[in-house]
Amino acid sequence: MGRVLRVNLWSQKVYVEELPSETVLRSWIGGRGLGVYLALKEIDPKADPLGPRNKLFIMTGPVTGVAGIPESGRWCSVTKSPLTDTIHDSQSGGKFGPELKFAGFDIIIIEDVSEKPVYLWIHDGKAELRDASHLWGKDVWSTTDMIQEELAAEVGKDEAKEIKVAAIGPAGENLVRFAAIMNDKSRAAGRGGHGAVMGSKKLKAIAVRGHMKPPVADPVKLREVIKETATKHRKNPVTSEGLPKLGTAILVNIINKAGMLPTRNFKTGVFEGAEKISGETLAEKYLDKKKSLEESCWGCMITCARYSKVTKSPFSGEGGGPEYETIWAFGAQTGTDDLEAIIKANHLCNQLGLDTISMGHTIGTLMEL
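Using the numbering used here, read the sequence shown as starting at 4 and increasing by one per residue.
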């Protein structure tokens, strides 16, 4: 571990580098902090976010993928955002981050622009760029399935099922400035248009698989910390009951009662239809409990992930989510109390690679104009 993968899309070459000095690592904490440090160091302040001089940093943290540490399945991307024109980080969960660590790398630095669509395949310390022309134009879900099927010929069907994919959809390809990087089909580094940066570089996806284990400096001390953290989780009613039972959607009714639920393009903070789109209604009518557990982030004790299924409806379909932010963005923010429509909008955004928050806000604004 402790390795950086630098990918130059113009030359189609990959390089392995070491992490920055310990002084830097201690000064710029975690994946977000180190990503910002690298962005400030390597990105020209005048660079066009969708131009070749911008870079994309795929970051894990020091404890990403370390067994036993709760909530250690996170990763983030850092880049110059096409939405804000500033250095920006976007967070995601799921299983992609730990798998990147297992594949032997802490960081991926993506630079320059490819002449044709490509995807990056990383496996057990090795990395290579492959043609993705056949994937360009495909949605996120199809892209994920096609890459796994393609690589199954090399690694076997069972192993291919364990390959984790972060991909963009048509939104990223078409440089929508709030396009997301989607991983595990329904997890999103959604904020700031990082998917558009991938699209501008003609990088369709990153597929990872590995069997390495992150080393631990002091296993005894780590076990003490894990035990202490786990105890706090079990004693806290939010992390032990509320979030496992209802997910982040538990906040819909809570925030609405507090008068702070974004409603009708922020004109008010109370939505009369909140109960119909609440976490309680989602759990009662549309939640697939078994698949929700499978959807959980790697190593997470809270298991707040949702997997919803709608049947016998114009909005029939199934997939991960929706989260609290998506529910108010497509629900209260647009004056919509139809949870089935919100679930469908969430699934479509996941397939197209769109940030649900920005998409809901955009619709809410247009409805008020």
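The C-beta atom is built at its ideal place from N, Cα and C for all residues, glycine as well. A quick note: this is a predicted structure, and the numbers were derived from the prediction, not measured.
When burial is assigned at 16 or more other CB atoms within 10 Å of the CB, is residue i buried or exposed?
i                 : result
glycine 159       : exposed
tyrosine 18       : exposed
histidine 350     : buried
lysine 83         : buried
glycine 262       : exposed
aspartate 51      : exposed
lysine 16         : exposed
leucine 372       : exposed
serine 299        : buried
asparagine 186    : buried
aspartate 221     : exposed
phenylalanine 373 : As displayed, the chain neither begins before 4 nor continues past 372, which places residue 373 out of reach and without an answer.
lysine 164        : exposed
Can you check which of these residues, the options, is closest to residue i by C-alpha distance?
i              : options                        : result
methionine 201 : Ser299, Ser117, Ile360, Gly36  : Ser117
aspartate 161  : Tyr289, Arg212, Ile90, Leu178  : Arg212
serine 80      : Thr87, Ile345, Thr63           : Thr63
isoleucine 171 : Met149, Glu153, Ala155, Trp139 : Trp139
serine 361     : Asn239, Ala174, Trp301, Thr271 : Ala174
lysine 288     : Gly262, Gly272, Asp341, Met304 : Asp341
glycine 68     : Met215, Asn186, Leu290, Lys16  : Met215
leucine 249    : Leu206, Arg267, Ile305, Lys238 : Ile305
valine 233     : Phe181, Thr266, Gly302, Arg190 : For clarity, residue 233 is alanine in the given sequence; the question names valine instead. It is Gly302 whose Cα lies nearest to the Cα of alanine 233.
leucine 103    : Ala220, Gly5, Glu227, Val241   : Gly5
tryptophan 78  : His137, Asp92, Glu25, Phe269   : Asp92
glycine 33     : Glu328, Ile110, Ser295         : Ile110
lysine 119     : Ala106, Phe108, His137         : His137
glutamate 297  : Gly323, Leu355, Phe318, Ile366 : Gly323
glutamate 321  : Glu328, Thr329, Ser311, Tyr327 : Ser311
threonine 368  : Asn353, Asn239, Met149, Gly338 : Gly338
isoleucine 366 : Glu21, Ala308, Thr329          : Thr329
leucine 154    : Cys307, Arg133, Val143         : Arg133
valine 373     : Cys307, Asp88, Arg29           : Residue 373 falls outside the range modelled here, since the chain spans only 4 to 372, and no answer is possible.
isoleucine 253 : Arg309, Val223, Arg226, Glu227 : Arg309
Taking a contact to mean a Cβ-Cβ separation below 7 Å, would you say residue i touches residue j in this structure?
i                : j                 : result
threonine 147    : lysine 204        : no
isoleucine 280   : valine 313        : no
aspartate 358    : glycine 193       : yes
isoleucine 257   : alanine 210       : no
alanine 286      : asparagine 259    : no
arginine 35      : aspartate 47      : no
lysine 58        : alanine 135       : no
isoleucine 90    : valine 10         : no
alanine 199      : isoleucine 184    : no
glycine 76       : glycine 100       : yes
phenylalanine 60 : isoleucine 125    : no
glycine 282      : valine 255        : yes
leucine 8        : phenylalanine 108 : yes
arginine 180     : leucine 86        : yes
tyrosine 327     : threonine 266     : no
glycine 356      : isoleucine 229    : no
Starting from residue i and walking both ways along the beta strand (DSSP E), at which residues does that stretch end?
i                 : result
glutamine 354     : It is not in any beta strand (DSSP E) - glutamine 354 instead sits in the alpha helix (DSSP H) that spans 342-355.
serine 311        : 310-313
phenylalanine 274 : Run containing phenylalanine 274: none; DSSP gives neither H nor E here.
glutamate 21      : 16-21
methionine 62     : 58-62
What first and last residue would you give for the alpha helix (DSSP H) that runs through residue i?
i                 : result
serine 84         : It is not in any alpha helix (DSSP H) - serine 84 carries neither H nor E in the DSSP assignment.
phenylalanine 333 : 327-333
phenylalanine 105 : 99-105
aspartate 134     : Here aspartate 134 belongs to no alpha helix (DSSP H); instead the beta strand (DSSP E) covers 129-134.
valine 223        : 222-238
isoleucine 258    : 254-260
glycine 36        : 33-45
For residue i, which residues in the same chain have their Cβ closer than 7 Å to its Cβ, ignoring the five residues on either side in sequence?
i                 : result
histidine 364     : Ala332, Gln336
lysine 315        : none
glutamate 45      : Lys58
phenylalanine 318 : Glu343, Ala344, Ile346, Lys347
leucine 178       : Leu53, Ala199, Gly202, Ser203
Can you find the residues in the same chain that come closer than 6 Å, C-beta to C-beta, to residue i, ignoring five residues on each side of it along the sequence?
i             : result
tryptophan 31 : Leu37, Tyr40
arginine 190  : Ser95, Gly96, Gly97
aspartate 115 : Asn11, Leu12, Trp13, Pro55
proline 217   : Met4, Gly68, Val69, Lys104
Using a Cβ-Cβ cutoff of less than 8 Å, which residues in the same chain neighbour residue i once the five nearest sequence positions on both sides are dropped?
i             : result
aspartate 127 : Ala106, Gly107, Arg212, Gly213, His214, Met215
With a threshold of 6 Å (Cβ to nearest heavy atom), would residue i be considered close to the ligand ZN?
i             : result
glutamine 151 : With respect to the ligand ZN, the structure shown offers nothing to examine, as it has no ligands at all.
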